[in-house]
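Reading through the structure tokens given below for one structure.
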């Protein structure tokens, strides 16, 4: 998404909330994407490698599926639909060891008095 273009369109159309698409917020979002993205990807790949070495039977099933469906060509996004075992292993790894924090509080931890 082009944040600067979205900012200009929202400002010209006077959409509510356009003031939040300012340079500081855009910079913060981009920084969050660059700082958080590599860390979660790194830990997900580590867990995938660890679990594949532990579950060699699944590793063999996935290797066979990749050889059967892809052959020698590089995978593309559309291949997700035909690589059922690979995707199942990936989804199970993400379920087992979620890279992001889960379970943030949805209520106040203490009584709060305003005013």
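In my numbering, the protein residues as written are 141 to 255. Each residue gets a CB set at the ideal place from its N, CA and C atoms; glycine is no exception. Source: prediction; values computed, not measured.
Beta-carbon contacts of residue i that lie in its chain and below 8 angstroms, excluding the five residues immediately before and after
i           : result
residue 227 : 220
Distance, residue j Cα to residue i Cα
i           : j           : result
residue 184 : residue 231 : 11 angstroms
residue 148 : residue 212 : 46 angstroms
residue 199 : residue 223 : 13 angstroms
residue 196 : residue 214 : 23 angstroms
residue 201 : residue 229 : 10 angstroms
residue 235 : residue 153 : 42 angstroms
residue 203 : residue 179 : 26 angstroms
residue 225 : residue 216 : 16 angstroms
residue 181 : residue 190 : 14 angstroms
residue 165 : residue 174 : 14 angstroms
Own chain residues within Cβ distance below 6 angstroms of residue i, not counting five before or after
i           : result
residue 186 : none
residue 176 : none
residue 188 : 233
Local Cβ density within 10 Å of residue i, reported as buried at 16 or more and exposed below that
i           : result
residue 252 : exposed
residue 247 : exposed
Neighbourhood of residue i by C-beta, 7 angstroms cutoff - its chain only, sequence neighbours within 5 removed
i           : result
residue 237 : 187
residue 167 : none
Any C-beta of chain B under 8 angstroms from that of residue i
i           : result
residue 186 : Judged by its chain identifiers, the structure shown contains no chain B, having just a single protein chain.
The ligand MN heavy atom lying under 7 angstroms from the CB of residue i
i           : result
residue 229 : Of ligands this structure carries none, so the ligand MN is not represented either.
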